[in-house]
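Asks:
Numbering (my numbering), first residue to last: 1 to 47.
1) Answer yes or no: do residue 4 and residue 30 have a C-beta to C-beta separation smaller than 8 Å?
2) Taking the continuous alpha helix (DSSP H) assigned at residue 5, which residues delimit it?
3) Quick check: what's the CA-CA separation for residue 2 versus residue 9?
4) Using beta-carbon positions only, say whether residue 24 and residue 15 come within less than 8 Å of one another.
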């Protein structure tokens, strides 16, 4: 969740142990998911 919020531009700090930050490839996938979700929301709002 924190990684997703950071991708949106908010500084929410680091995760606490025992959790770990996601790998770079996972961050790229998450960014794509967020972008697609926002595109779908924009399409729905335009209707």
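All C-beta atoms in this analysis are idealised placements derived from N, C-alpha and C, irrespective of residue type, glycine included.
Replies: On the basis of the coordinates in this document:
1) yes
2) 2-7
3) 11 Å
4) no
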